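K.L.:
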Amino acid sequence: MSPITLVILMLLLSAFFSGLEIAFISVNKLRIELKSNQGKHWAKLCSNYIKSPSKFISTILVGNNIALVVYGVTMEEIFRPQFAYLGSFPALILATFISTGIVLITAEFLPKALFRLNPSGILSVLVYPFQFFYVVLWPIVQFVIWLSNFMLVKIFKMEFANESPAFSKIDLDHFISQSSHLPPDGEEPDVDTEILKNALDFGNVEVRDCLVPRTEIIAIDIENSIDDLEKLFIDTRHSKILVYKENIDHIIGYVHHLDLHKKPKSIQSVLLPILITNESKSANEMLNEFSKSQRSIALVVDEYGGTAGIITVEDIMEEIFGEIEDEHDEVEDNELVTNGGQLVLNAKLEVDYLNEKYNLDIPDGEYETLGGFILANLEEIPPTGEIFIIDQFEIKIVEAIEQKIEKVQLIILD
């Protein structure tokens, strides 16, 4: 084999190992595991290296170093007669600069830039020849792994733990970002990425973000009769009714509809204690508290001790899985698009949801709902039928009561 051919071969080999290294680092490990569980053979091979990355990295280093050593020796043979007239030292410097420049461009910068573009696709093809090199270089690779572990433990006195696959928050975020767009062939995403995104953000969710506000609480006074309570259960179709003493800011417990079968004489006789929490508690902590206490509803109090709202297990789970309907949910006409393109919307709808679905571009602020957006601008509850303009919207109050806005008509102005 001619020296030129050998140089080209070693450059290709070095480019192969360098490119695979960046592909392995860049690829989303979670997606590889999902593909492996779906039976993709290439993903199963990659999964083995994810579980033991030292095998992959050691093979890369050994293979790349062998290629570069052979390349360097061969280039020295090629350049020695060419630069002999310069003298040994100048010839060495010139040959080193030229050889290094060729390696950096063809075996480092170029392959790493190309392999980073589609690491998953690259690995699905090149993991097979890499597996061949791993088998061939296995004795050297095992020695390198043993030597590195020995030096870490015996010389540097570092604790060495067995390798295990770890998927970071970045991996999951990267996976969601990639999966949020359908592949070119129209293939459906592997999983519901919206659920994964909600789960990823769940750690930042507080009780105040998912509670039922006090204006929507259905409650009864402790002094009312059992007949009043039974009628309220029938009218609302709720499974639990809160009980207060004197006013809604003094909730003392709740009654479950099943307890009416005991034919109680008073509300007090079937009153159950209720958990009490605050608005700033994380939803995750609240979920754990529900689990430990085997309860499913809690009273949320504000900083002054008044009633801010209530929260249930269902409310928290909806932060991850979206709307969960049950037999107690009321059916409401939350959204209606008229023939003229006007939107008739429930004022309780969240601004983020409306922006995403209708591209309304409602600005962010100290509010979460459409009603909150209106109140933040008007600083009062407008009466039914009033029409006004806020930003790029003409808004008509379709339905309102003294305490809150119920329904509005929204027109986007040109």
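Everything in the sequence shown is counted per our numbering, starting at 1360 for the first residue and increasing by one. We put the CB at the ideal spot given by N, CA and C, even for glycine. Fair warning: this is a prediction, and the values are worked out from it, not measured in the lab.
#1: Take Lys-1763 and list the residues in its own chain whose beta-carbon comes closer than 8 Å to its own, dropping the five residues that flank it on each side.
#2: Tell me which same chain residues have a C-beta within less than 7 Å of the C-beta of Leu-1473, skipping the five on either side of it?
#3: Specify, as a first and last residue, the run of the beta strand (DSSP E) that Gln-1768 falls within.
#4: Throw me the rounded Cβ distance for the Gln-1701 and Leu-1769 pair, which I believe falls under 8 Å.
#5: Please classify Pro-1488 as buried or exposed, where buried requires at least 16 neighbouring CB atoms within 10 angstroms.
#6: Out of Ser-1361, Lys-1716 and Val-1703, point me to the one whose CA is closest to Glu-1758's CA.
#7: Looking only at its chain, what residues have a beta carbon closer than 6 Å to the beta carbon of Thr-1459, apart from the 5 residues adjacent to it on each side?
#8: Between Leu-1619 and the rest of its own chain, which residues show a CB-CB distance below 8 Å, the 5 nearest in sequence each way excluded?
#9: Give a yes or no on contact between the region 1379 to 1396 and the region 1439 to 1456, applying the rule of three or more CB pairs nearer than 8 Å.
#10: Can you tell me whether His-1687 is buried or exposed? The criterion is at least 16 other CB atoms within 10 Å of its CB, across all chains shown.
#11: Tell me where the beta strand (DSSP E) around Leu-1601 begins and ends.
#12: Have a look at Leu-1365, Pro-1478 and Glu-1467 and flag the residue whose alpha-carbon is nearest the alpha-carbon of Glu-1435.
#13: Please go through the same chain and pick out, in chain order, the residues whose beta-carbon is closer than 6 Å to the beta-carbon of Val-1429, but skip the five residues on each side of it.
#14: Based on the DSSP output, what are the partners of Glu-1694 in its beta bridges?
#15: Pick out whichever of Val-1486, Val-1767 and Pro-1498 has its Cα sitting closest to the Cα of Leu-1695.
#16: Am I right that Glu-1678 and Phe-1515 are in contact with their C-beta atoms under 8 Å? What's the rounded C-beta distance?
#17: Return the bridge partner residues of Lys-1755 from the DSSP annotation.
#18: Excluding the 5 residues preceding and the 5 following Ala-1454 in the sequence, name in chain order all residues of the same chain whose CB lies nearer than 7 Å to its CB.
#19: Using the DSSP secondary-structure output, state which residues sit across from Gly-1612 in a beta bridge.
#20: Would you list, in sequence order, the uninterrupted alpha helix (DSSP H) runs of no fewer than 4 residues that lie entirely inside the region 1627 to 1685?
#21: Could you compute how far the alpha carbon of Leu-1708 sits from the alpha carbon of Lys-1394?
#22: Report the partner residues of Ala-1578 according to the DSSP bridge assignment.
#23: Any idea what DSSP makes of Val-1566, helix, strand or coil?
#24: Where does Val-1421 sit, in a helix, a strand or coil, going by DSSP?
#25: Identify which residue in Lys-1599, Glu-1582 and Lys-1622 has its Cα closest to the Cα of Asn-1606.
#26: Distance check for Lys-1471 and Gly-1480, CA to CA, integer angstroms please.
#27: Is Ile-1611 closer than 8 Å to Gly-1668 when the C-beta atoms are compared?
#28: In three-state DSSP terms, what is Val-1571?
#29: Using CA atoms only, rank isn't needed, just tell me which of Lys-1599, Glu-1467, Tyr-1493 and Val-1432 is closest to Leu-1631.
#30: Taking the alpha carbon of Leu-1719 as the point to measure from, which residue in Ile-1425, Gln-1751, Lys-1624 and Ser-1483 has its own alpha carbon closest?
#31: Please report the residue range of the alpha helix (DSSP H) in which Leu-1737 lies.
#32: Do Leu-1371 and Val-1486 have their C-beta atoms closer together than 8 Å?
#33: Run through DSSP, which three-state label would Glu-1709 get?
#34: Spatial neighbours of Cys-1569 within its chain, please: C-beta separation below 8 Å, excluding the five flanking residues on both sides.
#35: Could you check if Ser-1483 is buried or exposed, using at least 16 other CB atoms within 10 Å of its CB as the buried criterion?
#36: Please report how far the alpha carbon of Asn-1407 lies from the alpha carbon of Met-1510, in whole angstroms.
P.N.:
This is what the structure gives:
#1: Numbered from its first residue, the sequence shown carries residue 1763 at position 404. Only Thr-1574, Ala-1706, Gly-1730 and Ile-1740 meet the Cβ criterion.
#2: Sequence index remark: in the sequence shown, residue 1473 carries index 114 (1-based). Result list for Leu-1473: Gly-1378, in chain order.
#3: Along the sequence shown, one-based indexing puts residue 1768 at 409. Where Gln-1768 is concerned, the enclosing beta strand (DSSP E) stretches over 1764 to 1771.
#4: On the sequence shown, position 342 is the one that residue 1701 refers to. On the sequence shown, position 410 is the one that residue 1769 refers to. Going by Cβ atoms, the distance from Gln-1701 to Leu-1769 rounds to 7 Å, so yes, they are a contact pair.
#5: Translated into positions along the sequence shown, residue 1488 becomes position 129. Result: exposed.
#6: Locating residue 1758 in the sequence shown gives position 399, where the first residue counts as 1. The shortest Cα separation from Glu-1758 among Ser-1361, Lys-1716 and Val-1703 belongs to Val-1703.
#7: Taking the first residue of the sequence shown as position 1, residue 1459 is located at position 100. So the list is empty, once near-sequence residues are dropped.
#8: As a first step, residue 1619 must be located in the sequence shown, where it is residue number 260. So the qualifying residues of the chain are Ile-1585, Leu-1588, Glu-1589, Phe-1592 and Val-1629.
#9: Counting Cβ pairs under 8 Å, fewer than three are found: no touch.
#10: Translated into positions along the sequence shown, residue 1687 becomes position 328. Summary for His-1687: the model assigns pLDDT 42, below 50, so the residue's position carries little reliability, and this model does not support an answer.
#11: Indexing the sequence shown from 1 puts residue 1601 at position 242. Its beta strand (DSSP E) spans residues 1599 to 1603.
#12: Translated into the one-based positions of the sequence shown, residue 1435 becomes position 76. Nearest of Leu-1365, Pro-1478 and Glu-1467 to Glu-1435, Cα basis: Leu-1365.
#13: For this step, residue 1429 is matched to residue 70 along the sequence shown. Taken in chain order, the residues that qualify are Met-1369.
#14: One-based indexing of the sequence shown puts residue 1694 at position 335. Paired residues: Leu-1704.
#15: Working through the sequence shown from its first residue, we reach residue 1695 at position 336. Of Val-1486, Val-1767 and Pro-1498, the residue nearest in Cα terms is Val-1767.
#16: Start at 1 with the first residue of the sequence shown, and residue 1678 comes out as number 319. Start at 1 with the first residue of the sequence shown, and residue 1515 comes out as number 156. Contact between Glu-1678 and Phe-1515 is absent: CB atoms are separated by about 45 Å, not below the 8 Å threshold.
#17: The residue given as residue 1755 occupies position 396 in the sequence shown. Per DSSP, Ile-1746 and Gln-1768.
#18: As a first step, residue 1454 is located in the sequence shown; it is residue number 95 there, counting from the start. Only Met-1434, Glu-1435, Phe-1438 and Phe-1442 meet the Cβ criterion.
#19: Counting from one through the sequence shown, the residue named residue 1612 turns up at place 253. BP columns for Gly-1612 point to Val-1602.
#20: Annotation: the region 1627 to 1685 contains the following complete segments of the alpha helix (DSSP H) (minimum length 4 residues), in chain order: 1642 to 1652 and 1672 to 1680.
#21: Within the sequence shown, numbered from 1, the residue matching residue 1708 stands at position 349. Within the sequence shown, numbered from 1, the residue matching residue 1394 stands at position 35. One C-alpha to the other measures close to 38 Å.
#22: The count along the sequence shown starts at 1 and reaches residue 1578 at position 219. DSSP output for Ala-1578 lists Leu-1601 as bridge partner(s).
#23: If you number the sequence shown from 1, residue 1566 lands on position 207. Looking at Val-1566 - three-state DSSP - the assignment turns out to be helix.
#24: Counting from one through the sequence shown, the residue named residue 1421 turns up at place 62. In this structure, Val-1421 counts as helix in the three-state DSSP scheme.
#25: If you number the sequence shown from 1, residue 1606 lands on position 247. When only C-alpha atoms are compared, the closest one is Glu-1582.
#26: Counting from one through the sequence shown, the residue named residue 1480 turns up at place 121. Counting from one through the sequence shown, the residue named residue 1471 turns up at place 112. Rounded to the nearest whole angstrom, the CA to CA distance from Gly-1480 to Lys-1471 is 14 Å.
#27: The residue labelled residue 1668 in the question sits at position 309 within the sequence shown. The residue labelled residue 1611 in the question sits at position 252 within the sequence shown. No, these two residues do not count as a Cβ contact at 8 Å.
#28: Within the sequence shown, the letter at position 212 stands for residue 1571. Val-1571 falls in the strand class under three-state DSSP.
#29: For the purposes of this step, residue 1631 is identified with residue 272 of the sequence shown, where counting begins at 1. Looking from the CA of Leu-1631, the closest CA among Lys-1599, Glu-1467, Tyr-1493 and Val-1432 belongs to Lys-1599.
#30: Taking the sequence shown and counting its residues from 1, the one referred to as residue 1719 is at position 360. Among Ile-1425, Gln-1751, Lys-1624 and Ser-1483, the Cα nearest to that of Leu-1719 is on Gln-1751.
#31: On the sequence shown, position 378 is the one that residue 1737 refers to. That run of the alpha helix (DSSP H) goes 1729 to 1737.
#32: Along the sequence shown, read from residue 1 onward, the residue named residue 1371 stands at position 12. Along the sequence shown, read from residue 1 onward, the residue named residue 1486 stands at position 127. Val-1486 sits away from Leu-1371, with the two beta carbons spaced by 8 Å or more.
#33: Walking along the sequence shown from the start, residue 1709 turns up at place 350. Correct three-state label for Glu-1709: strand.
#34: Counting from one through the sequence shown, the residue named residue 1569 turns up at place 210. Taken in chain order, the residues that qualify are Ala-1642, Ile-1670, Asp-1674, Ile-1675, Glu-1677 and Glu-1678.
#35: Numbered from 1 along the sequence shown, position 124 holds the residue referred to as residue 1483. Classification for Ser-1483: buried.
#36: Position 48 of the sequence shown holds residue 1407. Position 151 of the sequence shown holds residue 1510. Distance between the alpha carbons of Asn-1407 and Met-1510 is about 25 Å.
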